[in-house]
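Okay, structure first, notes after.
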Amino acid sequence: MATKPETEEGSGLADGLFLFVVVLLFWMLLTGSLDPSEIITGAVVALVVTLTSRPHLSIYSGVRITPMAILPIINYLGVFFWELILANIDMARRVLSPSLPLRPAVVEVRTDLRSPLGRLALANSITLTPGTLTVDVQDQTLLVHWVDAPPDIDIENATRKITTKFERHLKGFLK
Amino acid sequence: MRILADMFLLIGATFTLFGSIGLIRMPDVYNRIQAGTKAVTLGSISLLIGISLLYPQWWSKLLIIGLLILITNPLGSSTIARALLKSGVQPWKKVETNTPEENSNG
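Chains A and B, in that order, are what the protein sequence lines are.
Taken in order, the first sequence gives residues 1440 to 1614; the numbers are from this note's numbering.
Taken in order, the second sequence gives residues 109 to 214; the numbers are from this note's numbering.
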């Protein structure tokens, strides 16, 4: 994936803090205990990891760290899991029906998300939703393989539908 | 609780089975990736939920496994698809015919 490093360095401290919290949470889930000694060890490890890897990791820089971001995250997760279930029912129907109803096409989809993490989340979401698979990401254009592309009337509008339902929520907490 | 867990395990196994059938029946590699990715992702998450109901003390590890599957599974699929497209594998197109189709040979 073509990831270009973010140039703005304004919120470096906040990004570092975010990375630290993510690593620490990961540690706590792995150890699976709330023992103080475990948490202190985890904090030290997370600090070392943050300090050594922060200059090389640009992927975390796209996150908006505000309390306002919680609602979009919940919305996004809800939409995401709902779409994932729909995708599976849709795929099961296609796979099991004897005539194998497919009209595959590769289409281009544009996105407004700029940060690498935002585009990664969008690409992954598209891959897991009904009948679409992200093939390539080039800057702000996603190449999407579509199992059931409507016959070529108004393809622009139809593709927009794929992205907007995720983009709307992703924009709330990612740049 | 036991019955609920069994239900999740059964759903997971069923979707994984659908994914496998999809791998065999789909006409080209891109559609196969699609069938494989979606079914296996939901299938394994459902399995993980089932396991976490049976063994609640493992929830944190199962959560990590689930998160990693959710992030890496679609990413891996798109990477494979991208490599295929770059190496020139063309997506399959349905040939339109006038006769009713006999396409049930699997």
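Here a beta-carbon is modelled for each residue, glycine too, at the ideal position from N, C-alpha and C.
- Taking one beta carbon from each stretch, the segment 1572-1591 of chain A and the segment 1471-1482 of chain A have fewer than 3 pairs nearer than 8 angstroms; the two do not touch.
- Scanning chain B for C-beta atoms nearer than 8 angstroms to the C-beta of T1573 of chain A yields P182, S186 and A189, reported in chain order.
- D1551 of chain A carries a coil assignment under DSSP once its states are collapsed to helix, strand and coil.
- For the segment 1515-1553 of chain A, the full-length beta strand (DSSP E) segments reaching 3 residues or more read 1544-1549 along the chain.
- D1575 of chain A sits in a strand when the DSSP states are folded into three classes.
- Counting along the chain, L161 of chain B sits inside the alpha helix (DSSP H) bounded by residues V137 to L162.
- Looking at A:I1513, A:R1607, A:E1547 and A:L1609, the one whose alpha-carbon comes closest to that of V1574 of chain A is A:E1547.
- Bounds of the alpha helix (DSSP H) holding L117 of chain B are R110 to R133.
- DSSP places V1461 of chain A in the helix class (H, G or I) of the three-state scheme.
- Residue range T1580 to W1585 is occupied by the beta strand (DSSP E) that includes V1583 of chain A.
- Put simply, of B:L183, B:S168 and B:T122 the residue whose alpha carbon is nearest the alpha carbon of I141 of chain B is B:L183.
- A buried status is given to A1531 of chain A, since no fewer than 16 other beta-carbon atoms sit within 10 Å of its beta-carbon.
- Secondary structure of L1613 of chain A (DSSP, three-state): strand.
- A:V1518 is the residue among A:T1550, A:L1541, A:R1553 and A:V1518 whose C-alpha sits nearest the C-alpha of T1568 of chain A.
- Listed along the chain, the chain B residues whose CB falls inside 9 angstroms of the CB of H1584 of chain A are Y138, N139, I141, Q142, A189, L193 and P199.
- The closest CA to that of V197 of chain B, considering only A:W1521, A:P1537 and A:V1545, is found on A:V1545.
- Counting the other Cβ atoms within 10 Å of the Cβ of H1584 of chain A gives 16 or more, which makes it buried.
- For N1527 of chain A, the neighbours in chain B by C-beta distance under 9 angstroms run, in chain order, F123, F126, G127, K146, A147, T149, L150 and G151.
- Here S1476 of chain A carries a helix assignment [DSSP, helix/strand/coil].
- The straight-line gap separating the alpha-carbon atoms of T1489 of chain A and F1465 of chain A is approximately 13 angstroms.
- By the Cβ neighbour-count rule, K1600 of chain A is exposed, with fewer than 16 other Cβ atoms within 10 Å of its own.
- Inter-residue distance for F123 of chain B and S1492 of chain A is about 39 angstroms (C-alpha atoms, whole angstroms).
- Burial is judged here by how many other beta carbons sit within 10 angstroms of a residue's own beta carbon; M109 of chain B has fewer than 16 and is exposed.
- Between the alpha carbons of L171 of chain B and H1495 of chain A lies a gap of roughly 27 angstroms.
- At a C-beta separation below 7 angstroms, G130 of chain B has these neighbours in chain A: M1530 and V1534.
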